[in-house]
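Contents: one structure, followed by commentary.
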Amino acid sequence: MTTVPHTENSEHHSTLETIRQQRIDQLSHWEREVGVTPYPYRFEKTHSNIELQTQFCDLADGVETEIVVRVAGRVMAIRNTGMFMDCHDPSGKIQLFSHKESLDEACLPLLKLFDLGDIVGAEGTVRRTPRGELSVRVKKVELLSKSLLPLPEKYHGLTDVEIRYRQRYLDLIMNPDTRDTLVKRSKIVSSVRDFLIARDFLEVETPILQHQAGGASAKPFHTHHNALDMDMVLRIAPELYLKRLVVGGLSEKVFELNRNFRNEGISPRHNPEFTMMEVYQAYADYTDMMTLTEELFAHVAQTVLGTTQVAYGDTVLDFTPPWPRRTMAEMVFEATGVDFMAITNDEEARTQGAALGVHVRDFDGWGHVLEQVFEEKVEQTLIQPIHITDYPVEISPLAKVHRSNPRLTERFETRVNGWEVANAFSELNNPLDQRQRFEAQIAERDAGNDEAHHLDEDYITALEYGLPPTGGLGVGIDRLVMLLTNSTNIRDVIAFPTLKPR
RNA sequence: GCGAGUUUAGCUCAGUCGGUAGAGCAAUCCCCUUUUAAGGGAUGGGUCCAGAGUUCGAGUCUCUGAACUCGCACCA
């Protein structure tokens, strides 16, 4: 839609192409008649726009200073044939006031040549207009980069969501909210990292290209290494590699901010590549991970937003620790009246699940049914932060059996706004048990569950050398950013979300 | 993958019953030197998402396809 068409043989130029050609033709004018290049190399900038606005916030209306500054940015509005230009940089706006009596004569012809979208640099003195607009009284102005293509309309801006995603640079130029969200994302990631490093966690990197996808239940993307003539997959989780590092004693506390790839559906809450943060802490269990989760979220919200009471849609999410901790079975019992802990065989579980109107597959055992009932009957009601604990063994092949009930594991998922935002366990470190769990996964795969885990022999070998008791936690960073930026679509928190080609 | 919706100028959007394609902003030219969605005047700009069909005639009706949006399914 916004692709620039070729010019040859087109008698009827589109508006876009006409404008582009006019501006290309104009480039030689800049060099011939104005004597400047439209794409110079450097500009010495003394202030960002926010620095000027802050430094001169007390300057009274109508006051002229003698203070010389040099500013630069994109022209977003032109009034009175260039006498007034709004110059935007990432920090904000400053008005350039180029009066013919104070502008260098050599610069005067430039005013008629500037277009909306051009990047300009200006030198002049700071003043505030009688109507209160902080401005630079321009003495010299120069073109720093010529914009050949017209910007979207100034008042309504760019609202077409498809163009906003496909041409994010245009979205960023036109929509301050987009910039705010992505800047907040960066600050959130930084504060996650700062929080963990301050607690002596070591940041590490593990393979994205793997031979076998492990650490989660998901379909991977497949790729191929040419020189080795070897099929590979992109990771669906870094979990098994991070625990190998704990086995090796690289550190008792490790974390990775990791991009994962899952070959599944796209939705407002799912992007095929997404960012997670996983941490592992030796000698800790899942209760320690609950506390860590609460402290992490509270720290991030406080750092980025200045509060742990976060407005999201029509509600306020309260991240102030501590958060409720409830078992999955008791939440299901409260919602449905069915006590799954009293159900002792798979067939009865399937019968009860079906009776509740829940989708049940033939190979689903007690644990799968309990989880399914939870997801269909309970999950969407959990708005405020809550830890759902004690997941069934059969759906938690990497989590340690619960110390007080062999059907359950020491695992929790944190729910906020109905979404899973964290998943954590007391990590299974018994290699004999781990082998049996993998074998149960293989049986599930044979029974038709194509997202069951594979057996990873080297991972079991690592466990056989001894993994200390360890707590592990994964946090969905994209969803965390959504919650803290009041975003309803994951694409709004990812600069370049996955799209089909046009 | 399924269902519903959207797609018209660079952008934001109108387009009635099937009868010559519209506005604002942006662009070009002119006027205007204290504006801030600057203002006034004039001008240019269209593969109506693509393809097929019905019709004397299709932006409009039918079918097929595409991209996007929302929902469902899928989703440790």
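The numbering of the first sequence is numbering that gives the first Met the number 0, which starts it at 0 and goes up by one. Heads up, the beta-carbon is just placed ideally off N, CA and C, and yes, glycines get one too.
Can you tell me which residues form a DSSP beta bridge with proline 151? Partner(s): none; proline 151 has no beta bridge.
Continuous beta strand (DSSP E) stretch holding asparagine 48: start and end: Counting along the chain, asparagine 48 falls outside any beta strand (DSSP E), though it belongs to the alpha helix (DSSP H) covering 48–54.
Have a look at alanine 281 and aspartate 57 and give me their C-alpha separation to the nearest angstrom. 55 Å
Identify which residue in Gly248, Met229 and Ile207 has its Cα closest to the Cα of proline 237. Ile207
Considering just the uninterrupted stretch of the beta strand (DSSP E) at threonine 252, what are its terminal residues? First, the amino acid is wrong: residue 252 is lysine here, not threonine. Unbroken beta strand (DSSP E) run through lysine 252: 252–260.
Mapping the DSSP letters down to three states, classify phenylalanine 113 as helix, strand or coil. coil
Would you mind reading off the limits of the alpha helix (DSSP H) that contains phenylalanine 373? Residues 365–376.
Spatially closest choice to isoleucine 196 from Glu255, Glu141 and Asn225, by CA coordinates: If we check each option's Cα against that of isoleucine 196, Glu255 comes out closest.
Buried versus exposed, by CB contacts within 10 Å (16 or more), glutamate 333: exposed
Helix, strand or coil for glutamine 301, going by three-state DSSP, please let me know. helix
Note down, in chain order, each residue of its chain lying with its Cβ closer than 7 Å to the Cβ of arginine 406, except the 5 sequence neighbours on either side. Pro391 and Val392
Taking the CB atoms as reference points, tell me whether valine 232 and leucine 472 lie closer together than 9 Å. no
Classification of asparagine 8 by the beta-carbon crowding that lies within 10 angstroms, buried from 16 upward: Reliability of the predicted coordinates at asparagine 8 is poor, the pLDDT of 33 falling under 50, and the value obtained from them is presented with this limitation in mind. Exposed, since its Cβ has fewer than 16 Cβ neighbours within 10 Å.
Would proline 323 be called buried (16 or more neighbouring beta carbons within 10 Å of its own) or exposed? exposed
Grouping DSSP H, G and I as helix and E and B as strand, with all else coil, what is glutamate 272? strand
Is the separation between the beta-carbon of valine 191 and that of threonine 124 shorter than 9 Å? no
Environment of glutamate 370 [buried if 16+ CB atoms lie within 10 Å]: The residue in question, glutamate 370, is buried, as its Cβ has 16 or more Cβ neighbours within 10 Å.
Residues near glutamine 440 in its chain [Cβ-Cβ closer than 7 Å; skip 5 each side]: Pro396, Ala451 and His452
Should phenylalanine 305 be labelled buried (16 or more other beta-carbon atoms within 10 Å of its own) or exposed? Looking at the sequence itself, residue 305 is glycine, so the reference to phenylalanine does not match. Exposed is the call here.
Taking the alpha-carbon positions, what's the phenylalanine 339 to alanine 215 distance? 25 Å
Just the Cα atoms here: how many angstroms apart are histidine 46 and valine 70? If you draw a straight line from the Cα of histidine 46 to the Cα of valine 70, it is about 6 Å long.
Does the Cβ-Cβ distance between valine 372 and valine 337 come in under 9 Å? yes
Just curious, the beta strand (DSSP E) that alanine 71 is in, first and last residue? 63–78
Closest by C-alpha distance to isoleucine 33, when choosing among Ala310, Leu112 and Leu102: It should be pointed out that residue 33 corresponds to valine in this sequence rather than to isoleucine. The candidate whose alpha carbon is nearest that of valine 33 is Leu112.
Can you tell me where the alpha helix (DSSP H) with lysine 44 in it begins and where it stops? Counting along the chain, no alpha helix (DSSP H) covers lysine 44, and no H or E run does either.
Starting from glutamate 443 and walking both ways along the alpha helix (DSSP H), at which residues does that stretch end? Element bounds for glutamate 443: 430–446.
Given this structure, state the Cα-to-Cα distance separating arginine 501 from arginine 163, to the nearest angstrom. Rounded to whole angstroms, arginine 501 to arginine 163 spans 14 Å at the Cα level.
Beta-carbon proximity check, leucine 296 vs phenylalanine 318, cutoff 9 Å: With the sequence shown as reference, residue 296 is identified as phenylalanine, and leucine is not the correct amino acid for it. Cβ atoms of phenylalanine 296 and phenylalanine 318: closer than 9 Å.
Can proline 37 and serine 144 be called in contact, C-beta distance under 9 Å? yes
Tell whether a beta-carbon distance below 9 Å holds between asparagine 428 and threonine 469. yes
What's the C-alpha gap between phenylalanine 83 and proline 271? 46 Å
From which residue to which residue does the alpha helix (DSSP H) around tyrosine 240 run? 238–247
Residues sharing a beta bridge with tyrosine 311, DSSP: Partner(s): Thr314.
Using DSSP bridges, identify the partner residues of isoleucine 118. Arg73 and Ser144
Alpha helix (DSSP H) containing isoleucine 476: first to last residue? 476–484
If we count the other Cβ atoms within 10 Å of its Cβ and call it buried at 16 or more, is tyrosine 40 buried or exposed? With fewer than 16 other Cβ atoms within 10 Å, it is exposed.
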